[in-house]
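First the structure, in the form of structure tokens, and then the observations on it.
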Amino acid sequence: MTAAIAALTLALIPPASAAPAPAERAAASVGPVQLYIGGLGSGPYNVAVQSAVGTAMDSAVSKGFDPARCNLVKGPTVVNQLPNGYVQVAVEYLCAGDPYTPGPTFVLNRYHKSSDTQSNSWYHPNGYQLQGPLGSLYTYAAAGTTPLYLCQVRGDHFTSTDVACEGQQYVTRLGWLHTTQPAGVATVQLFRCLRNENRQIFDSIQANCEGQIHGGALGYTLA
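The sequence shown: position 60 = 941 (the working numbering), numbered continuously.
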């Protein structure tokens, strides 16, 4: 177990009932949505580059981003040589900000691969298997809610209500969840858990953390 993960294990998230008051949360900074968006194009090199950029920008728009909020972070890179001297080119952009979302909520899913488990509301990460939903998050700052962030520590993803990711690497904002159980709204409580064998962090809506180590409550997602 790395020292960083050990520190997270010891500095468990406090119960949702101990979250700051709404006025305090409003005064705190809210981290942006940050998504890496790729594009592929093929043909003569210049045409392939234009096609790859166009594909990436179309994908950014489909996810609600203004293309002006997207910056090239990788490429253009030739990833394949095709017949007739044509090539396949890849680009990758980092889009950041507050993308347009068509609905008031979206589902928070849990994904797993052998070395990591992560919760994500934006996309199905490559190489991961879907394990199931963890409830839904608001796409906006509804009353009585706080942002939930995706963070990373040495390859291990975890969620946090701390915009500073408890001193670890910030990945993106996932949405908003209730800090306390609201009256008249169907919710499920979201918990941070750690696997017994390797202290890998994961989220669960089971109070016993599926037989693993309990790491504290994060809040309440919509049922």
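C-beta: ideal position from N, C-alpha, C; glycine also.
Keep in mind the model is a prediction, meaning the values are calculated, not measured.
To the nearest angstrom, how far is the alpha carbon of residue i from that of residue j?
i, j, result
"GLY1048", "LEU963", "45 Å"
"TYR917", "CYS976", "6 Å"
"GLU1133", "ALA1067", "Because the chain here runs from 882 to 1104, residue 1133 falls outside it and cannot be looked at."
"MET938", "ASP1084", "32 Å"
"ASN927", "GLN969", "11 Å"
"VAL1044", "LEU1075", "21 Å"
"GLY1096", "ARG1080", "10 Å"
"GLN999", "ASP1037", "8 Å"
"THR1053", "ASN961", "31 Å"
"ALA1022", "GLN1050", "23 Å"
"PHE1072", "SER910", "23 Å"
Quick check on the DSSP output: the beta strand (DSSP E) that includes residue i runs from which residue to which?
i, result
"ALA1098", "1094-1103"
"THR958", "951-962"
"THR1068", "1068-1075"
"SER923", "914-924"
"PHE1083", "1082-1085"
"VAL1052", "1050-1059"
Just checking my contact of residue i with residue j at CB under 8 Å: how many whole Å lie between their CB atoms?
i, j, result
"ASN990", "ASN1007", "Actually they are not in contact, since the Cβ atoms of ASN990 and ASN1007 sit about 14 Å apart, beyond 8 Å."
"TYR981", "PRO925", "TYR981 to PRO925, Cβ: 35 Å. No contact."
"TYR1009", "LYS994", "5 Å"
Relative to the C-alpha of residue i, which candidate in the options has its C-alpha closest?
i, options, result
"SER940", "LYS955, ALA1023, TYR974 and VAL959", "TYR974"
"GLY1056", "CYS951, ASN961 and LEU1103", "LEU1103"
"VAL954", "ASN965, VAL934, GLY966 and ASN961", "VAL934"
"GLN915", "TYR1101, SER923 and GLY978", "GLY978"
Checklist entry - Going along the chain, which unbroken runs of the alpha helix (DSSP H) with 4 or more residues stay wholly within the segment 966-1046? => result none
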